[in-house]
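First residue of the sequence shown? That's 2 in the working numbering, and the numbers climb one at a time after it.
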Amino acid sequence: MKKIILVHWRNVKLPEKINYMENIEEEAFENIECYMTVPLTHLLLARETFPKFIRLVAPDCIEFDENNEYCSGITIRNLLDIQIKTVILGSAERIFDMNETQNIISQKLICCYKNKLKVILYLINTKEEYETDMEAYNLLVQLTKYFSTLQQNLWNEITVIYEPEWFFIQDYSYFELRLKNKVAYIKKALDIYLITAKIIFSGRLNYIFIKKMLEKKIVDGYLYHGEPFDDDFMNIIRFMNKI
């Protein structure tokens, strides 16, 4: 099974990105599924210029119109017309800064399922729930609310981003145990709805630990927070490609 890497588009100017992508080595991605979020304003150009092995993702900055399609400048039909088949939902920015409710996210999930769009779903923990049993419980509650309104077998697979923490890890053995337990909770919750999950994790982690989690198949991929158009990005790609 190929490993997954998700990369967020940062603030480098578009011509620099295009030039970088024209010289990228496809062989480096042989064993990797690479997803990249792209601003809505650049999706079409990215689709026309980026190599096909980079799977473009519409960012979580989309709304509903009266027909339950995405708006804010782009609709589901627009996405499908330019062959964008993946969207991100449930980001912390939408939940905490824009007060997006779990009910709204569930509606978006239903809309994506009906239009056969692939979803990458964030699972967000509040700061108060770190290091507590409430963290795992909150994951179950979120997933139940998201999927309880869906018909079973509507879709059989989803990719989930689990962000356990945003600080530098010191006790990696303890972090591994926590990560393993949380991933088990996520998969157990989705099993109720007959949905298979691919789990992407993130954190300020060293390559050795990332390699260990992927080799043990505790997770299926990694969310890369650096700039996707520099040497460090290609280093981690080559590193993951050998796993």
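Glycine is no exception: its CB is placed at the ideal position from the N, C-alpha and C atoms.
Which residue wins for smallest C-alpha separation from residue i, given the options the options?
i, options, result
"R239", "A29, I121, I105", "A29"
"E164", "E158, F176, D172", "F176"
"N251", "I19, E31, N20", "There is simply no residue 251 to check, as the chain begins at 2 and stops at 244 in what is shown."
"E94", "I83, I106, Q84, T87", "I106"
"T87", "D221, E101, R48, N104", "R48"
"L46", "D192, I211, Q84", "Q84"
"Y36", "N100, G222, D232", "G222"
"K119", "T145, L57, F202, S174", "L57"
"H43", "E34, K53, N104, P60", "P60"
"K117", "S174, Y225, I159", "I159"
"S174", "K213, L7, L41, K18", "K213"
"C112", "Y147, I237, M22", "Y147"
"I89", "I237, L215, N182, L41", "L41"
"I121", "T102, G91, K115, D82", "G91"
Since residue i is in the beta strand (DSSP E), which residue starts that stretch and which ends it?
i, result
"E101", "That residue, E101, is in no beta strand (DSSP E); it is neither H nor E in DSSP."
"F51", "It is not in any beta strand (DSSP E) - F51 carries neither H nor E in the DSSP assignment."
"K3", "Premise fails: K3 is in no beta strand (DSSP E) and is neither H nor E."
"A198", "197 to 202"
"I89", "87 to 90"
"V161", "158 to 163"
For a test of the three-state rule: what should DSSP assign to residue i, helix, strand or coil?
i, result
"V220", "coil"
"H9", "strand"
"L118", "coil"
"H226", "coil"
"E26", "coil"
"L215", "helix"
"I83", "coil"
"V58", "strand"
"V142", "helix"
"E31", "coil"
"L124", "strand"
"K18", "helix"
Span of the alpha helix (DSSP H) holding residue i?
i, result
"T76", "Taken as a continuous stretch (DSSP letters only), T76 belongs to no alpha helix (DSSP H), as it is neither H nor E."
"I288", "For the chain, the structure presents residues 2 to 244; residue 288 sits outside this window and is missing."
"F176", "173 to 192"
Apply the 10 Å Cβ neighbour rule to residue i and answer buried if 16 or more other Cβ atoms are within range, or exposed otherwise.
i, result
"L178", "exposed"
"E129", "The predicted position of E129 is uncertain, since its pLDDT is 44 and thus under 50; a value taken from the coordinates is nonetheless stated next. E129 should be labelled exposed."
"Y71", "Note that Y71 scores a pLDDT of 49, beneath 50, so its modelled location is shaky; the value from the coordinates is reported in the next line. By the neighbour-count rule (16 or more Cβ atoms within 10 Å), Y71 is buried."
"I187", "buried"
"T197", "exposed"
"I77", "buried"
"V39", "buried"
"M99", "exposed"
"I209", "exposed"
"A185", "exposed"
"I96", "buried"
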